[in-house]
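Each residue of the sequence shown is one higher than the one before, counting from 1 in this note's numbering. Built from N, CA and C at the ideal position, the CB exists for glycine as well. Contents: one structure, followed by commentary.
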Amino acid sequence: MSTPYTVNGADSEAGLQQFPDSEEGERRSNMQAWIEAEGYLRRAQRILAVTHLAPDGDAIGSLLAFGHAMQSLGKTVTVACQDPAHSRFDYLHGVHDIRLSGEGNFDLMVSIDASDLQRLGSIFLPVQHGRLPLVVFDHHITNTMFGSVNVVDSSASSSAEVIYRLLRRLDVRIGSEIAAALLTGIITDTLAFRTSSTTPETLSIAMELMRAGASMPEITRRALVLRSYDSIRFLANGIVTSQLEDGIVYATITRKMRKDLGVKEDRGDAGLVGTLITSMEAHVAAVFVELVDGSVEVGLRSAPGYDVSQVAFEFGGGGHAAAAGCTLPGPMRDTVNRVLSRLRRMIRET
Ligand code: AMP
Ligand code: MN
Ligand code: MN
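Structure below.
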């Protein structure tokens, strides 16, 4: 079976056009996708499961839960990601088994929490993996439907919620290890049940996961609350140097700032954009982080009523209405100008 891999950017519009145009249509195509995905998983023997680069709690938690579940069904499964999991997730069983390479002999590839092929980064090997059927599980509204089968539920709070449903459909027993992994995904993507993506269903799944042995306070503390002292100083510096203009709060983090602060991580914003959007004056928050190669990682957040997913998508990235991101080639000043002017237009047109 061939896989309709599409390259984002070139035909990113086409990705969006694949969205069913009615809720009923979406429901039916999703039912079909679930059935096909289950078929692929039941037939597979050697599965490569991957998630997006610079993985967050939902990426790591959903990937590990999926891996444990497939193992319990007697499959050989390899879990992999371009970048290692942050040490804050060390409490998750199997986190050190996540490989940083996609090499190997597989009969199925599964992508979790990634909205397009580029998000997988170097873990996707076009020559080796291009021939494999690909099952996509995700919850990003900007998903480009890059799999052979796409189970994409943009109403789900997290990919962990999608994987929870998968495990229920496959009758996998959810023990404490799977429960902790899934609850990690839900808690990190909902900021502990505070985002508008949190539904009664989210809470009900979280309750089940607690009953299965996952500790809500411990996971919240380890996955969401604790940070290094360095990152607190980084955050403080970002807050102090931020600016508020036309309802947009934004900050730029250069390589020099990072070096002067002695920050070890070479990407990420330590939660800065999430802090800036708590400003009452902000419709939108943006953080621009200069990477080692000079490209600029852009993190976007919006207040209720504003949608940053489309803006991020237009710049080759993706995300959700309230939280999205993209990476542009730089330099910093051009990137800031381009993104701010697009955000101003989005605010005017909202
Ligand atoms: P972050 O600001 O990194 O927490 O990301 C917020 C949301 O935007 C998450 O749902 C990410 O998956 C998504 N996102 C961030 N960067 C990108 C990117 N370069 N491409 C696609 N989606 C992204
Ligand atoms: Mn994620
Ligand atoms: Mn997610």
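Here Ser-62 has Ile-112, Asp-113, Ser-159, Ala-160, Ile-163, Gly-185 as same chain residues with Cβ atoms under 6 Å from its own Cβ, once five neighbours each way along the sequence are excluded. Listed in chain order, the beta strand (DSSP E) elements of length 3 or more contained wholly in the region 245-293 are 248-253, 284-290.
Contact between Asp-97 and Pro-55 does not hold, since their C-beta atoms are separated by about 14 Å, which reaches or exceeds 8 Å. Contact between Ile-47 and Leu-108 holds, with the beta-carbon distance rounding to 5 Å and staying under 8 Å.
In the DSSP assignment, Ser-72 falls outside any beta strand (DSSP E) and lies within the alpha helix (DSSP H) extending over 57-72. Counted as a single uninterrupted DSSP element, the beta strand (DSSP E) harbouring Ala-49 occupies residues 46-51.
Assignment of Phe-137 by DSSP, reduced to helix, strand and coil, places it in the strand class.
The region 299-326 is shown to contain whole alpha helix (DSSP H) runs of 4 or more residues at 309-314, in chain order. 8 Å or more divides the Cβ of Val-296 from the Cβ of Gly-319.
DSSP places Leu-108 in the uninterrupted beta strand (DSSP E) bounded by 108-112. The count of Cβ pairs closer than 8 Å, one atom from the region 182-200 and one from the region 143-160, reaches three, so the stretches are in contact. If one requires a minimum length of 4 residues, the alpha helix (DSSP H) runs lying completely within the region 157-205 are 159-169, 176-189, in chain order. For Glu-103, the secondary structure class from DSSP, reduced to helix, strand or coil, is coil. Membership of Ala-80 in any alpha helix (DSSP H) is not indicated; the residue belongs instead to the beta strand (DSSP E) covering 76-80. Near ligand 2, residues with a Cβ at less than 6 Å from any of the ligand's heavy atoms are His-52, Asp-56, Asp-58, Ala-59, Asp-113; the list follows chain order. The C-alpha of Ile-174 is placed about 19 Å away from the C-alpha of Pro-217. Separation of Cys-81 and Thr-51 (C-alpha to C-alpha, rounded to the nearest whole angstrom) is 6 Å.
Shown here, Leu-328 sits in a strand according to DSSP, grouped into three states. Counting C-beta pairs with one atom in each stretch, the region 258-274 and the region 229-238 have three or more that are closer than 8 Å, which means they touch.
Beyond the five residues adjoining it in sequence on each side, Gly-299 comes within less than 6 Å, by CB distance, of Asp-269, Val-273, Val-287, Gly-325 in the same chain, given in chain order. Shown here, Asn-143 sits in coil according to DSSP, grouped into three states, outside any helix or strand. Spanning the alpha carbons of Val-77 and Ser-122 requires a straight line of approximately 19 Å. Shortest Cα-Cα distance from Ala-180 to any of Ala-251, Asp-246, Ala-69, Tyr-250 involves Ala-69.
For Arg-222, the CB contacts under 7 Å within the same chain, skipping 5 residues up- and downstream, are Arg-88, Tyr-91 in chain order. Going by DSSP, Val-151 is part of no alpha helix (DSSP H) but of the beta strand (DSSP E) stretching over 149-152. Partner residues in the beta bridge of Gln-243, as assigned by DSSP, are Tyr-250.
Set against 7 Å, the gap from the CB of His-86 to the closest heavy atom of ligand 3 is not smaller. In this structure Ser-176 is exposed. Its beta-carbon is surrounded by fewer than 16 other beta-carbon atoms within 10 angstroms. Tyr-250 is the residue among Tyr-250, Arg-255, Lys-256, Arg-345 whose C-alpha sits nearest the C-alpha of Val-336. Residue pairing of Glu-297 in beta bridges, as defined by DSSP: Val-289, Thr-327. By the CB criterion at 8 Å, Met-332 and Thr-254 fall inside the cutoff. In the DSSP assignment, Ile-123 falls outside any alpha helix (DSSP H), carrying neither H nor E. Take Ala-37, set aside five residues on each side of it, and the residues of its chain with a beta-carbon closer than 6 Å to its own are Val-135, Val-149, Val-151, in chain order.
In this structure, Ile-277 sits away from Leu-343, with a CB-CB distance that is not shorter than 8 Å.
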